[in-house]
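Undergrad:
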Amino acid sequence: MSNLSNEYVQRRERLMAKLGQGTAIFRTAPPAIHHHTVEYNFRQDSDFYYLTGFKEPDAVVVLAPHHNEHQFVMFVRPKDLEKETWAGLRMGVDAAKEQLGADEVYPIEELDEKLPQYLEKADRIYYQMGRDRAFDDTVIRHWQTLMGKKYQKTGVGPTALVDPRPLMGAMRKVKSAEELGLIRKAIAISVEAHHAAMAMAKPGCQEHQIQAEMEYIFRRAGGQGPAYPSIVASGENACILHYTENNCQMQDGELLLVDAGCCYDYYNGDITRTYPVGQDFTAEQRILYEIVLEAEEKAIAQAQPGKPYSAIHDTAVGVIVDGLMELGLLKGDREEMIKEEKYKPFYMHRTGHWLGIDVHDIGVYKHGEAEVLLEPGHLFTIEPGIYISPNIKPAEEQPEIDKRWHGIGIRIEDDILITKTGHEILTKDVPKKIDEIQSYRQG
Numbered sequence: 257m258s259n260l261s262n263e264y265v266q267r268r269e270r271l272m273a274k275l276g277q278g279t280a281i282f283r284t285a286p287p288a289i290h291h292h293t294v295e296y297n298f299r300q301d302s303d304f305y306y307l308t309g310f311k312e313p314d315a316v317v318v319l320a321p322h323h324n325e326h327q328f329v330m331f332v333r334p335k336d337l338e339k340e341t342w343a344g345l346r347m348g349v350d351a352a353k354e355q356l357g358a359d360e361v362y363p364i365e366e367l368d369e370k371l372p373q374y375l376e377k378a379d380r381i382y383y384q385m386g387r388d389r390a391f392d393d394t395v396i397r398h399w400q401t402l403m404g405k406k407y408q409k410t411g412v413g414p415t416a417l418v419d420p421r422p423l424m425g426a427m428r429k430v431k432s433a434e435e436l437g438l439i440r441k442a443i444a445i446s447v448e449a450h451h452a453a454m455a456m457a458k459p460g461c462q463e464h465q466i467q468a469e470m471e472y473i474f475r476r477a478g479g480q481g482p483a484y485p486s487i488v489a490s491g492e493n494a495c496i497l498h499y500t501e502n503n504c505q506m507q508d509g510e511l512l513l514v515d516a517g518c519c520y521d522y523y524n525g526d527i528t529r530t531y532p533v534g535q536d537f538t539a540e541q542r543i544l545y546e547i548v549l550e551a552e553e554k555a556i557a558q559a560q561p562g563k564p565y566s567a568i569h570d571t572a573v574g575v576i577v578d579g580l581m582e583l584g585l586l587k588g589d590r591e592e593m594i595k596e597e598k599y600k601p602f603y604m605h606r607t608g609h610w611l612g613i614d615v616h617d618i619g620v621y622k623h624g625e626a627e628v629l630l631e632p633g634h635l636f637t638i639e640p641g642i643y644i645s646p647n648i649k650p651a652e653e654q655p656e657i658d659k660r661w662h663g664i665g666i667r668i669e670d671d672i673l674i675t676k677t678g679h680e681i682l683t684k685d686v687p688k689k690i691d692e693i694q695s696y697r698q699g
């Protein structure tokens, strides 16, 4: 259980204020099989954790603001000495009611019996389908039963099944002071790990050695481990966006792209840096690196309250297209290349994503054609890149790529918080300017 207990209460109250006569149901994450009878370590469903701080599996939370007595209800695993001996201690029904502040807590085995009383007077059920097929069937069965029996007689009942993600996304997108404290801790650990990687990287070193050192730092500092599979990509491996094999030896003359972050109490850091394995950038590496760095810096400058989120990506794309045109790697009308995305063989992803409990955190980036405007508390990454794979296929009517550019992959990523007056670069302590990188690596 996290130390944010008061905040969980406030989150539930804010959500229930939006439910009206609806009832919301959230289920813990289902187990994930590693192999045969072995499961991966359990990781709680993000919405469930956001609302409760409860980390155990096989539980359900029901929020029913219209109910006369019980508005916050949980179903959890009861205490069981034999099962706890094998798989760890359980909070149990009585302790859950006391520690989590629920109005009522039942054993999970009583779900079918007790759930209908929290649904029958609701006008809709808020529940996200598709994450747990077995539990989807349970919700649908109760919904159909209520509509088939009670609604037909009384005209009262849940006539709609609604996805809660729009409500949860709007809430989770704005980070509280308590959340930011955990995120800053995750980022501070991530920064330490990136410093270690920069000092360690050299010709002959193995990618997995860098990964091991960074993930050791994550755990040593009290983190849960990596926020996502660590990417340690030397040479042309950096042209694979989600390269995770990390099984190659680094060679002099190559770049090393490291994309790794720590998870601390469910909140995540996400940092990418690219630098030479040897002493210096080659001429081609330096040219492309400066383009990416300029794209990132100008994109970060767009991170201001009231600015459209899309301005960040649009700005980065413009800088990258201009740089590639100047090098002769792109030819044609600039606006047409941007509109038709002819730059995508070199830069195929967006310039960032929301960051929080999920690394790619919940929340929309546009409301149809309407822009999402940045506001204080928004937290996201900015991560432009250029990738020139040996297998690159330029867009139609674009020039062939000289082999001297082949195998260069560069990405620079920082975590950005929108403040009342502008922004804060939470990951600024990891060097990224060329002179800073060289000075740091030379001691």
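Taking this note's numbering, the leading residue of the sequence shown gets 257, the next gets one more, and so forth.
Note that CB positions come from ideal geometry on N, CA and C, so glycine has one too.
With a floor of 4 residues, list each alpha helix (DSSP H) that falls wholly inside the region 424-465, ordered by position along the chain.
TA: Segments of the alpha helix (DSSP H) lying fully in the region 424-465: 433-456.
Undergrad: Would you kindly work out how many angstroms separate the C-alpha atoms of N262 and E434, rounded to a whole number?
TA: On the sequence shown, position 6 is the one that residue 262 refers to. On the sequence shown, position 178 is the one that residue 434 refers to. C-alpha separation (whole angstroms): 10 angstroms.
Undergrad: Could you tell me the boundaries of the alpha helix (DSSP H) in which E360 lies?
TA: Here residue 360 refers to the residue found at position 104 when the sequence shown is read from its first residue. From DSSP, E360 is part of no alpha helix (DSSP H) but of the beta strand (DSSP E) over 360-363.
Undergrad: Could you tell me the distance, in whole angstroms, from the CA atom of K644 to the CA atom of W661?
TA: For this step, residue 644 is matched to residue 388 along the sequence shown. For this step, residue 661 is matched to residue 405 along the sequence shown. The residue you asked about is not Lys; residue 644 is Ile in the sequence shown. Looking at the two C-alpha atoms, the distance is approximately 7 angstroms.
Undergrad: Quick check for students: name the residue ranges of the alpha helix (DSSP H) that lie wholly in the region 549-601, counting only runs of 4 or more.
TA: The qualifying runs are 566-582, 590-595.
Undergrad: Counting C-beta neighbours from all protein chains within 10 Å, is the total for E369 16 or more, i.e. buried, or is it exposed?
TA: As a first step, residue 369 is located in the sequence shown; it is residue number 113 there, counting from the start. Exposed: under 16 other Cβ atoms inside 10 Å.
Undergrad: Taking A483 and N524 to be in contact with their CB atoms under 8 angstroms, please state how far apart those CB atoms are, rounded to whole angstroms.
TA: Position 227 of the sequence shown holds residue 483. Position 268 of the sequence shown holds residue 524. Their Cβ separation, rounded to whole angstroms, is 4 angstroms, which keeps A483 and N524 in contact under 8 angstroms.
Undergrad: Whose C-beta lies closer than 8 angstroms to the C-beta of D350 among residues of the same chain, with five residues either side of it excluded?
TA: The residue you call residue 350 lines up with position 94 of the sequence shown. V361.
Undergrad: DSSP state of I638, grouped into three classes?
TA: Translated into positions along the sequence shown, residue 638 becomes position 382. It is a strand residue.
Undergrad: What's the call for P287, buried or exposed, on a 16-neighbour Cβ count within 10 Å?
TA: Locating residue 287 in the sequence shown gives position 31, counting from the first residue. P287 is exposed by the Cβ-count criterion.
Undergrad: Between the C-alpha atoms of E338 and V318, what's the straight-line distance to the nearest angstrom?
TA: What you label residue 338 is simply residue 82 of the sequence shown in a count that begins at 1. What you label residue 318 is simply residue 62 of the sequence shown in a count that begins at 1. Cα-Cα distance, rounded: 28 angstroms.
Undergrad: Give me, in chain order, the residues of the same chain whose beta-carbon lies closer than 6 angstroms to that of H569; leave out the 5 immediate sequence neighbours on both sides.
TA: Against the sequence shown, residue 569 aligns to sequence position 313. Counting only Cβ-Cβ distances below 6 angstroms, and skipping sequence neighbours, we find R606, T607.
Undergrad: Pick out the complete alpha helix (DSSP H) segments inside the region 282-345, 4 residues or longer, and give them in chain order.
TA: The qualifying runs are 302-308, 337-343.
Undergrad: Mapping the DSSP letters down to three states, classify P372 as helix, strand or coil.
TA: In the sequence shown, counting from the first residue as 1, residue 372 sits at position 116. Helix.
Undergrad: V265 by DSSP, collapsed to three states: which one?
TA: Here residue 265 refers to the residue found at position 9 of the sequence shown. Looking at V265 - three-state DSSP - the assignment turns out to be helix.
Undergrad: If you draw a straight line from the alpha carbon of A444 to that of T683, how long is it in whole angstroms?
TA: Against the sequence shown, residue 444 aligns to sequence position 188. Against the sequence shown, residue 683 aligns to sequence position 427. In a straight line, the C-alpha of A444 is about 8 angstroms away from that of T683.
Undergrad: Given this structure, state the Cα-to-Cα distance separating V686 from E354, to the nearest angstrom.
TA: One-based indexing of the sequence shown puts residue 686 at position 430. One-based indexing of the sequence shown puts residue 354 at position 98. Each residue's Cα considered, the two are about 43 angstroms apart.
Undergrad: Under DSSP, the beta strand (DSSP E) around R667 begins and ends at which residues?
TA: For this step, residue 667 is matched to residue 411 along the sequence shown. Its beta strand (DSSP E) spans residues 664-667.
Undergrad: Kindly indicate which residue of A494, A452, M427, D392 has the alpha-carbon position closest to the one of H634.
TA: Working through the sequence shown from its first residue, we reach residue 634 at position 378. Ranking the options by Cα distance to H634, first place goes to M427.
Undergrad: Measuring straight from C-alpha to C-alpha, what distance separates L511 and T677?
TA: Reading the sequence shown from its first residue, position 255 is the one you call residue 511. Reading the sequence shown from its first residue, position 421 is the one you call residue 677. Cα to Cα, the separation comes out at about 36 angstroms.
Undergrad: Do T279 and K381 have their beta-carbon atoms positioned less than 9 angstroms apart in this structure?
TA: Counting from 1 along the sequence shown, the entry for residue 381 is found at position 125. Counting from 1 along the sequence shown, the entry for residue 279 is found at position 23. The residue you asked about is not Lys; residue 381 is Ile in the sequence shown. In this structure, T279 lies closer than 9 angstroms to I381 by Cβ.
Undergrad: What are the start and end residues of the beta strand (DSSP E) that includes L673?
TA: Within the sequence shown, the letter at position 417 stands for residue 673. Unbroken beta strand (DSSP E) run through L673: 670-674.
Undergrad: Could you check the C-alpha separation between F331 and A378 for me, to the nearest Å?
TA: Taking the first residue of the sequence shown as position 1, residue 331 is located at position 75. Taking the first residue of the sequence shown as position 1, residue 378 is located at position 122. Approximately 19 angstroms, taken between the alpha carbons.
Undergrad: Among S566, A315, K429, which has the Cα closest to the Cα of G624?
TA: Against the sequence shown, residue 624 aligns to sequence position 368. G624 has its Cα closest to that of S566, out of S566, A315, K429.
Undergrad: Measure how close the beta-carbons of K649 and L549 come, nearest whole angstrom, since I'm counting them as under 8 angstroms.
TA: In the sequence shown, counting from the first residue as 1, residue 649 sits at position 393. In the sequence shown, counting from the first residue as 1, residue 549 sits at position 293. 26 angstroms between Cβ atoms; not a contact.
Undergrad: Can I674 and E627 be called in contact, C-beta distance under 9 angstroms?
TA: If you number the sequence shown from 1, residue 674 lands on position 418. If you number the sequence shown from 1, residue 627 lands on position 371. No, Cβ-Cβ distance for I674 and E627 is not below 9 angstroms.
Undergrad: Quick one: what's I381 bridged to in DSSP?
TA: Stepping through the sequence shown from its first residue, residue 381 is reached at position 125. Its beta-bridge partners are T279, L417.
Undergrad: Can you name the start and end residues of the alpha helix (DSSP H) that S695 belongs to?
TA: Residue 695 sits at position 439 when you count from the first residue of the sequence shown. Note, S695: alpha helix (DSSP H), 690-697.
Undergrad: Any idea if T341 is buried or exposed, counting beta-carbon neighbours within 10 angstroms, 16 or more meaning buried?
TA: Locating residue 341 in the sequence shown gives position 85, where the first residue counts as 1. Looking at its Cβ environment, which holds fewer than 16 other Cβ atoms inside 10 Å, T341 is exposed.
Undergrad: Taking all protein chains shown into account, do 16 or more other C-beta atoms lie within 10 angstroms of the C-beta of P640, making it buried, or fewer, making it exposed?
TA: Locating residue 640 in the sequence shown gives position 384, where the first residue counts as 1. When all chains shown are included, P640 counts as buried.
Undergrad: Is it the case that the region 490-504 contacts the region 455-468, given that we only count it when at least three CB pairs across the two stretches are under 8 angstroms?
TA: Verdict: yes, contact present.
Undergrad: Span of the alpha helix (DSSP H) holding R397?
TA: As a working note, residue 397 is residue 141 in the sequence shown. Here the alpha helix (DSSP H) through R397 covers 389-401.
Undergrad: With DSSP run on the structure shown, which of helix, strand or coil describes Q480?
TA: One-based indexing of the sequence shown puts residue 480 at position 224. Note: Q480 maps to coil in three-state DSSP.
Undergrad: What does a CB cutoff of less than 6 angstroms around P313 pick up in its chain, not counting 5 residues either side in sequence?
TA: Here residue 313 is taken as the residue at index 57 of the sequence shown, counted from 1. Counting only Cβ-Cβ distances below 6 angstroms, and skipping sequence neighbours, we find T284, F298.
Undergrad: Where does R529 fall in DSSP's three states?
TA: For the purposes of this step, residue 529 is taken as residue 273 along the sequence shown, with counting starting at 1. Strand at R529.
Undergrad: Tell me whether N502 sits in a helix, a strand or coil according to DSSP, three-state version.
TA: Translated into positions along the sequence shown, residue 502 becomes position 246. If DSSP states are grouped into helix, strand and coil, N502 belongs with coil.
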